[in-house]
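Reviewing the structure listed below.
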Amino acid sequence: NVYDRKTTREESVYANSSASSLFDYNTDSRENDYLGSLNLEWKTKQGHKFFGAATGFYDNGRSNAKNAMIFHIDEQQREHTQGIATQNYDDDLYTVEMEFTSNDTLRHQHTIGYGVIWGKAHNNGINSEVTDDYGDISELQHNTINRHYGSQHQMKYNYKLLINTSSTLKAGSHFSIGNINPKSQFIEKEIMNEDFLYSDQYKMHENVYGGFVEYDYKNKNIFMSVGLRLEYTDFSTISRMNSQEYIYNRMDYFPFFSIKHKFSSVADISLRLASGIERPHFLDYVPNYRYISKYAYSIGNPNLKPSRFYSATVGGLLFDFLYLELTYLHTKDIISPISKNEANSFEEVTTPLNSSDENRFVFQMSCPYVLLNNKLSGYLGTWLGYAKYTNLKIDLGEFYNMDLKGFYLTNQTQYEVLDNLNIGYNLYYQPKLYLQQAIGDPYFKLGFDVSYRIKRFDIGFNVSNILNRMNKGVDLNDQAYTRYIINKNQPIYSLTVKYNLGNTNKRKYHEIIDSSRFK
């Protein structure tokens with residue numbers, strides 16, 4: 002259960018215009034999240050393993066925002082608007098998966114897996130506003146209704162051949178078959194007149210067929226892996242209102258190579274060359290109309306395309322605990338939420354777009370530590386990134402950044418008070434951050450957690466952002482430069498209860514079914 006209260010102030014100036022605006026929002030929201038999972042593993046006498054898992058997620062909530070807006074159209078004309086915006090959410094997501102793995106000592110090994118994801122995402126919004134334009138009173142109401150249902154089936158088969166003690170050959174295939182049925186409506190009412198501005202229902206499917214082959218070699222000081230992955234994407238979205246169709250069919254090739262060399266007892270060096278694809282969230286594809294205020298709304302993009310990336314990484318492990326890594330990453334068709342003002346209007350629309358390509362350099366460091374006879378443990382991590390946006394695919398107008406510059410520092414520490422009681426903290430610090438359409442001011446966040454074990458029960462309690470730090474920065478779009486201040490005066494509390502069945506010391510790690518694009 003999450004209860005959140007925050008105040009937001011936005012001050013905007015507009016390019017090539019004397020117009021400016023001042024928005025104040027006071028938001029109260031309550032969200033109820035429920036997550037349950039069941040994991041079972043069984044090992045036969047022959048050494049084969051069966052794994053099964055089921056998860057369920059349910060989320061419902063409501064937010065109410067009171068807003069006051071002063072809009073200076075020019076030096077003489079000024080509008081005052083007051084409004085109330087309400088959003089209701091009702092989402093659920095379920096997964097079931099099964100996997101069979103043969104004995105890992107056999108020369109010929111097999112893995113067969115199947116999983117299914119299904120759920121819904123519903124949200125309704127009502128935004129009522131009254132505008133006073135020098136005595137000229139107007140009332141406006143916007144209703145948004147979004148109903149989205151979807152499912153996806155995932156199947157895989159992996160084969161592993163132990164050629165000898167040094168060499169291994171792997172091959173496999175995977176398939177995912179998905180269907181999404183979104184429906185969106187947007188209704189605008191002015192005084193007593195109703196104008197049905199937007200209504201659409203889509204039928205969307207995304208089928209991905211892939212396969213890979215990989216060869217691994219290892220000896221005392223060297224580990225090497227080389228392989229190739231193929232993926233064919235069959236995607237289409239059809240509007241049931243006007244029969245407009247968006248189609249994306251493509252075959253992609255993703256080679257990869259890695260080598261790790263142990264130079265001495267205190268140093269390991271590794272090199273990784275990789276490539277891959279990043280697909281949009283399913284809700285980014287569908288209309289999913291959300292009205293924020295009289296001057297701002299967001300909508301999805303059925304013509305969105307996946308991003309493809311190519312990377313080179315050099316890493317080093319020193320003294321068996323200090324890890325350093327430098328990565329170069331080239332991404333084509335990056336996906337960004339882009340805000341633009343509509344033509345001849347101060348109304349801002351935010352849409353996910355393939356905005357540009359990107360060349361990025363990232364340095365990371367991770368330093369774990371263990372002290373006080375293993376009772377105190379944790380790690381210190383840092384991330385430093387610089388990127389250049391290239392090959393712009395859209396007009397970003399007057400205000401945007403061509404560079405990404407960012408840095409953050411994180412620290413997590415746990416202390417074992419008793420054998421079954423642990424306390425800890427997590428710290429996050431981010432200096433000034435530059436993104437394509439945003440500049441974030443320095444930000445500091447601190448959280449605490451407690452975990453307690455009673456026989457087979459694990460109980461955890463966490464408090465995040467306990468210092469209630471304000472979030473400040475600048476949002477940019479093609480015509481507006483907006484400085485914002487968000488003051489959250491409520492930390493977030495979470496309680497977790499887990500029950501362990503069987504011998505947890507023999508539990509094997511399983512790569513669970515990927516449902517991130519539905520959440």
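Start counting the sequence shown at 2; every next residue gets the next number (the working numbering). Note that beta-carbon positions come from the ideal geometry of N, C-alpha and C, so glycine has one too.
Q) So residue 66 packs on residue 26, CB below 8 angstroms; how close in whole Å? A) 5 angstroms
Q: May I ask you to list the residues that DSSP assigns as paired with residue 112?
A: 102 and 159
Q) Hey, out of 35, 43, 210 and 51, whose CA is closest to residue 113's CA? A) 51
**Q.** Local Cβ density within 10 Å of residue 48, reported as buried at 16 or more and exposed below that
**A.** exposed
Q. Do you know how far the Cα of residue 287 is from the Cα of residue 393?
A. 24 angstroms
Q | the segment 143–163 contacting the segment 176–184, beta-carbon criterion three pairs below 8 angstroms | A | yes
Q | Those residues which DSSP pairs with residue 287 across a bridge | A | In DSSP, residue 287 forms no bridge with anything.
Q) In the structure shown, what three-state DSSP assignment does residue 400 receive? A) coil
(Q) I'd like the span of the beta strand (DSSP E) that includes residue 365, first residue to last. (A) 349–372
Q) Counting only runs that start and end within the segment 34–65, where is the beta strand (DSSP E) found for 3 or more residues in a row? A) none
Q: Out of 142, 101 and 433, point me to the one whose CA is closest to residue 560's CA.
A: With the chain covering 2 to 520 only, the question about residue 560 has no answer from this structure.
Q. Per DSSP, what kind of secondary structure is residue 420 in: helix, strand or coil?
A. coil
Q) According to DSSP, which residues form a beta bridge with residue 220? A) Residue 220 is not bridged to any residue.
Q. Which whole-angstrom value describes the C-beta separation of residue 339 and residue 354, a residue pair presumed to lie in contact below a C-beta threshold of 8 angstroms?
A. 5 angstroms
Q.
Please report the straight-line C-alpha distance between residue 261 and residue 325, rounded to a whole angstrom.
A. 14 angstroms
Q | Residue of 296, 265, 230 and 416 minimising C-alpha distance to residue 22 | A | 296
Q.
Assuming contact is defined by CB atoms lying nearer than 8 angstroms, are residue 400 and residue 477 in contact in what I supplied?
A. yes
Q: Excluding the 5 residues preceding and the 5 following residue 443 in the sequence, name in chain order all residues of the same chain whose CB lies nearer than 8 angstroms to its CB.
A: 430, 431, 432 and 433
Q. So, do the segment 162–174 and the segment 210–225 have three or more beta carbon pairs nearer to each other than 8 angstroms?
A. yes
Q: Provide the residue(s) that pair with residue 82 in DSSP beta bridges, ordered along the chain.
A: 70 and 132
**Q.** DSSP-derived helix/strand/coil call for residue 89
**A.** strand
Q | With 16 other Cβ atoms within 10 Å as the buried cut-off, status of residue 391 | A | exposed
Q) So is residue 499 buried or exposed if we call it buried at 16+ other beta carbons inside 10 Å? A) exposed
Q | Environment of residue 165 [buried if 16+ CB atoms lie within 10 Å] | A | exposed
Q: Just tell me which of 305, 278 and 485 has its CA closest to the CA of residue 231.
A: 278
Q: Determine the contact status of residue 120 and residue 151, defining contact as a CB-CB distance below 8 angstroms.
A: yes
Q.
Please return the same chain residues whose Cβ sits closer than 6 angstroms to the Cβ of residue 358, not counting the five positions on each side in sequence.
A. 333, 391 and 392
Q | Whole-angstrom C-beta distance between residue 435 and residue 402, which should lie under 8 angstroms | A | 5 angstroms
Q. Using CA coordinates, which residue listed in 316, 517, 380 and 298 is at the minimum distance from residue 348?
A. 298
Q) Is residue 225 helix, strand or coil by DSSP? A) strand
Q) Is the distance from the Cβ of residue 330 to the Cβ of residue 308 below 8 angstroms? A) no
Q) When DSSP labels each residue in this structure, what does residue 516 get in the three-state scheme? A) coil
Q.
Can you tell me whether residue 249 is helix, strand or coil according to DSSP?
A. strand
Q.
If I follow the unbroken beta strand (DSSP E) through residue 333, where does it start and stop?
A. 323–342
Q: Tell me whether the beta-carbon of residue 300 lies closer than 8 angstroms to the beta-carbon of residue 352.
A: yes
Q.
If contacts are defined as beta-carbon pairs under 8 angstroms, then residue 411 and residue 377 qualify, I think. What distance do you get, rounded to the angstrom?
A. Their Cβ separation, rounded to whole angstroms, is 17 angstroms, which puts residue 411 and residue 377 out of contact at 8 angstroms.
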